[in-house]
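> Each residue of the sequence shown is one higher than the last, beginning at 4 in the numbering used here. Each residue gets a CB set at the ideal place from its N, CA and C atoms; glycine is no exception.
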Amino acid sequence: MGPPNAFSFNIASVHGGGALTVDRGPEQKTVRRTFSLAGGMCPRCEGRGQVTDIDVTQLYDPDKSVNEGAITVPGYKPTSWPVQIIVASGLIDPDKPIRDYTDTELHNFLYREATKVRISNTNQTYEGLVVRVRRSFLSKDRDALQPHIRAFVDRAVTFRTCPDCDGTRLNEAARSSKIRGISIADACAMQISDLAEWVRSLDEPSVAPLVATLQHTLDSFVEIGLGYLSLDRPSGTLSGGEAQRVRMVRHLGSSLTDVTYVFDEPTIGLHPHDIQRMNELLLRLRDKGNTVLVVEHKPEVIAIADHVIDLGPGAGAQGGTVCFAGTVDGLRASSTLTGRHLGDRVALKDTVRTPVGKLEIRGATTHNLKNVDVDIPPRGAGGGHRGGWFGQEFAGARVDSG
Numbered sequence: 004m005g006p007p008n009a010f011s012f013n014i015a016s017v018h019g020g021g022a023l024t025v026d027r028g029p030e031q032k033t034v035r036r037t038f039s040l041a042g043g044m045c046p047r048c049e050g051r052g053q054v055t056d057i058d059v060t061q062l063y064d065p066d067k068s069v070n071e072g073a074i075t076v077p078g079y080k081p082t083s084w085p086v087q088i089i090v091a092s093g094l095i096d097p098d099k100p101i102r103d104y105t106d107t108e109l110h111n112f113l114y115r116e117a118t119k120v121r122i123s124n125t126n127q128t129y130e131g132l133v134v135r136v137r138r139s140f141l142s143k144d145r146d147a148l149q150p151h152i153r154a155f156v157d158r159a160v161t162f163r164t165c166p167d168c169d170g171t172r173l174n175e176a177a178r179s180s181k182i183r184g185i186s187i188a189d190a191c192a193m194q195i196s197d198l199a200e201w202v203r204s205l206d207e208p209s210v211a212p213l214v215a216t217l218q219h220t221l222d223s224f225v226e227i228g229l230g231y232l233s234l235d236r237p238s239g240t241l242s243g244g245e246a247q248r249v250r251m252v253r254h255l256g257s258s259l260t261d262v263t264y265v266f267d268e269p270t271i272g273l274h275p276h277d278i279q280r281m282n283e284l285l286l287r288l289r290d291k292g293n294t295v296l297v298v299e300h301k302p303e304v305i306a307i308a309d310h311v312i313d314l315g316p317g318a319g320a321q322g323g324t325v326c327f328a329g330t331v332d333g334l335r336a337s338s339t340l341t342g343r344h345l346g347d348r349v350a351l352k353d354t355v356r357t358p359v360g361k362l363e364i365r366g367a368t369t370h371n372l373k374n375v376d377v378d379i380p381p382r383g384a385g386g387g388h389r390g391g392w393f394g395q396e397f398a399g400a401r402v403d404s405g
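1. For Ala188, collect the residues of the same chain with a Cβ closer than 7 Å to its Cβ; drop the 5 residues on either side in sequence, then sort them by chain order.
2. For Asn126, which residues does DSSP report across the bridge?
3. For the region 249 to 265 and the region 315 to 324, state whether three or more C-beta atom pairs, one from each stretch, are separated by less than 8 Å.
4. So is Leu273 buried or exposed if we call it buried at 16+ other beta carbons inside 10 Å?
5. Quick one: give me the first and last residue of the alpha helix (DSSP H) that Asp56 is part of.
6. Just to confirm the assignment, what range does the alpha helix (DSSP H) spanning Thr107 have?
7. For Arg280, collect the residues of the same chain with a Cβ closer than 8 Å to its Cβ; drop the 5 residues on either side in sequence, then sort them by chain order.
8. Taking the straight line between their C-alpha atoms, what separation do you get for Phe458 and Pro275?
9. Taking the C-alpha atoms as reference points, what is the distance between Ala16 and Lys181?
10. By the three-class DSSP mapping on this structure, what secondary structure does His300 have?
11. Is Ile271 closer than 8 Å to Gly244 when the C-beta atoms are compared?
12. On the DSSP letters alone, give me the boundaries of the alpha helix (DSSP H) that Val86 sits inside.
13. Does the region 99 to 110 come within contact of the region 54 to 73, defined as at least 3 CB pairs closer than 8 Å?
14. What would DSSP say about Met193, mapped onto helix, strand or coil?
15. If I'm right that Ile195 touches Gly230 with Cβ under 8 Å, what's the distance once you round it to whole angstroms?
16. What's the C-alpha gap between Pro77 and Cys165?
17. Going residue by residue through the region 188 to 249, where are the continuous beta strand (DSSP E) segments of at least 3 residues, counting only ones entirely within it?
18. Would you call the region 205 to 223 and the region 319 to 339 touching, i.e. three or more CB-CB distances under 8 Å?
19. Going by alpha carbons, who is nearest to Gly346 out of Arg356, Asp332, Thr357, Val86?
20. When you compare only the Cα positions, how much space is there between Ser83 and Ile379?
21. Does the separation of the CB atoms of Ala328 and Ile307 fall below 8 Å?
22. Taking its Cβ as the centre, do 16 or more other Cβ atoms sit within 10 Å of Ala215, making it buried, or is it exposed?
23. Under 6 Å Cβ to Cβ from Gly366, same chain only, skipping five residues before and after it: list those, please.
24. Going by the DSSP bridge assignment, what does Val160 pair with across the sheet?
25. What residue range is occupied by the uninterrupted beta strand (DSSP E) comprising Asp103?
26. Quick test of the definition: if touching needs 3 or more C-beta pairs under 8 Å, does the region 116 to 124 touch the region 30 to 43?
27. In this structure, how does DSSP classify Thr33 when only helix, strand and coil are distinguished?
28. Starting from the Cα of Gly19, find the closest Cα among Glu200, Phe38, Arg248 and give me that residue.
29. Looking at Val298 and Leu285, is the spacing between their C-beta atoms short of 8 Å?
30. Looking only at its own chain, which residues have a Cβ that is under 7 Å from the Cβ of Val90, when we skip the five neighbours before and after it?
31. Would you mind working out which of Ala190, Thr125, Thr341, Gly42 sits nearest Asn8, comparing C-alpha positions?
32. Expressed to the nearest angstrom, what Euclidean distance is found between the alpha-carbon atoms of Ile95 and Val59?
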């Protein structure tokens, strides 16, 4: 166990010491002091959970020699100074195809650390290609790079799970501290619904207020239909609707009142049976003394509104006019397009379109998916969600569009 900082992947462990001069009356005394700050950050990945690797296949053409222009890194033409250093170093054969290099030559070519070499009566620094690329390109802000260099970095740099922390972003000390056999990393990897049950089983009077607050927050996630998420899920992988509901849970835990909240279609991606739970949370926000503005099309959400404003009559350039303002019953009785169709329910078509082709997914395991096989039509609604998932499931894969 330890202080909160010891379990934070944003705080590194720091140790130091030195001599201090202490005034004691008319005398001064020099004493030595040491200090330490226990942080939870993994030192290997610096709390990111991933480490960067360079795809060496993007750095050179193995069928060519260095003199033939094998190096494909921007700025490394055969006549350039960096390549001339490689050629004159004597550490590799510049006229031999790279695929024919010995292990020693390939190591010198790619990974040799900075070494002083004599070239044309001057001392120069030789570095392996991977070492130089890391220093020249990866140490700089990506947005500050020239477009062609940025494109090269995007091709050449790959990300993999940190081998030291296994993606948890925490150091060994933080991962070793456990409650009933569960570490903080294990807890964050659990589905929120399962984590809520585990927290509910904890019975320790000394931390009862903390456990109660945590339990309330986790239960709110489950109530809003997000119990399938885990706390270690990167926020950038959430859909728009999921991100909105996560923010809603945070607001529910706030003690602020008289605040105006604006939610833009919070039911996006929500299963129909969870809309009632969403409505309950919206009402709880309102009942705390706040103003809640919701942009929504679902009749189930419109039905709980205290005041409805119907904008239309059409979409885009045909919209923007206040067609109705008042109660839900008043909207139903109005002649607006929304009012006339508020009670409509979608009917299944007798015939559906014949799908053209399919995208075959086999063994999908991204996030909470468990070895899922599914065939998805390449056309139709939900393109944004489909594209976002494909980008995560097949990151780095080459797609044959032929």
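In terms of the structure at hand:
1. Here residue 188 is taken as the residue at index 185 of the sequence shown, counted from 1. Closer than 7 Å at Cβ, skipping near neighbours: Thr171, Leu173, Arg178.
2. On the sequence shown, residue 126 is found 123 positions in, with the first residue counted as 1. Answer is Arg121.
3. no
4. Taking the first residue of the sequence shown as position 1, residue 273 is located at position 270. Result: buried.
5. In the sequence shown, counting from the first residue as 1, residue 56 sits at position 53. Boundaries around Asp56 are those of the beta strand (DSSP E), 53 to 57, since no alpha helix (DSSP H) includes it.
6. Residue 107 sits at position 104 when you count from the first residue of the sequence shown. Per DSSP, Thr107 belongs to the alpha helix (DSSP H) from 106 to 113.
7. The residue given as residue 280 occupies position 277 in the sequence shown. Glu226, Ile227, Gly228, listed in sequence order.
8. Here the chain covers residues 4 to 405 and nothing more, so residue 458 does not appear.
9. For the purposes of this step, residue 16 is taken as the residue at position 13 of the sequence shown. For the purposes of this step, residue 181 is taken as the residue at position 178 of the sequence shown. First, the residue type needs correcting, since residue 16 is Ser and not Ala in the sequence shown. Each residue's alpha carbon lies about 19 Å from the other.
10. Against the sequence shown, residue 300 aligns to sequence position 297. Note: His300 maps to coil in three-state DSSP.
11. By 1-based counting over the sequence shown, the position of residue 244 is 241. By 1-based counting over the sequence shown, the position of residue 271 is 268. A contact, by the Cβ cut-off of 8 Å.
12. Within the sequence shown, residue 86 is the residue found at index 83, counting from 1. First-last of the alpha helix (DSSP H) with Val86: 84 to 91.
13. Contact between the region 99 to 110 and the region 54 to 73 is present, because at least three Cβ pairs lie under 8 Å.
14. Residue numbering aside, residue 193 sits at position 190 when the sequence shown is read from its first letter. Three-state DSSP puts Met193 in coil, outside helix and strand.
15. Mapped onto the sequence shown, residue 195 falls at position 192. Mapped onto the sequence shown, residue 230 falls at position 227. Sure, about 5 Å apart at Cβ, within 8 Å.
16. Walking along the sequence shown from the start, residue 77 turns up at place 74. Walking along the sequence shown from the start, residue 165 turns up at place 162. So the two alpha carbons sit approximately 28 Å from each other.
17. none
18. no
19. For this step, residue 346 is matched to residue 343 along the sequence shown. Of the candidates Arg356, Asp332, Thr357, Val86, the one whose C-alpha sits nearest the C-alpha of Gly346 is Asp332.
20. Along the sequence shown, read from residue 1 onward, the residue named residue 83 stands at position 80. Along the sequence shown, read from residue 1 onward, the residue named residue 379 stands at position 376. Roughly 49 Å between the two C-alpha positions.
21. Indexing the sequence shown from 1 puts residue 328 at position 325. Indexing the sequence shown from 1 puts residue 307 at position 304. Against a cut-off of 8 Å, the Cβ pair of Ile307 and Ala328 comes out as no contact.
22. Here the question's residue 215 lines up with position 212 in the sequence shown. Counting Cβ neighbours within 10 Å, Ala215 comes out exposed, since fewer than 16 surround it.
23. On the sequence shown, position 363 is the one that residue 366 refers to. Taken in chain order, the residues that qualify are Asn374.
24. Residue numbering aside, residue 160 sits at position 157 when the sequence shown is read from its first letter. Answer is Ile57.
25. In the sequence shown, residue 103 corresponds to position 100, counting from 1. Here Asp103 belongs to no beta strand (DSSP E), and DSSP marks it neither H nor E.
26. no
27. Position 30 of the sequence shown, counting from 1, holds the residue named residue 33. Strand.
28. Here the question's residue 19 lines up with position 16 in the sequence shown. It is Phe38.
29. Here residue 285 is taken as the residue at index 282 of the sequence shown, counted from 1. Here residue 298 is taken as the residue at index 295 of the sequence shown, counted from 1. The answer is no: Cβ separation not under 8 Å.
30. The count along the sequence shown starts at 1 and reaches residue 90 at position 87. Within the same chain, Val90 has close Cβ partners Val69, Asn70, Pro97.
31. Residue numbering aside, residue 8 sits at position 5 when the sequence shown is read from its first letter. Ranking Ala190, Thr125, Thr341, Gly42 by Cα distance to Asn8 puts Gly42 first.
32. Counting from one through the sequence shown, the residue named residue 95 turns up at place 92. Counting from one through the sequence shown, the residue named residue 59 turns up at place 56. Spanning the two alpha carbons is a distance of roughly 17 Å.
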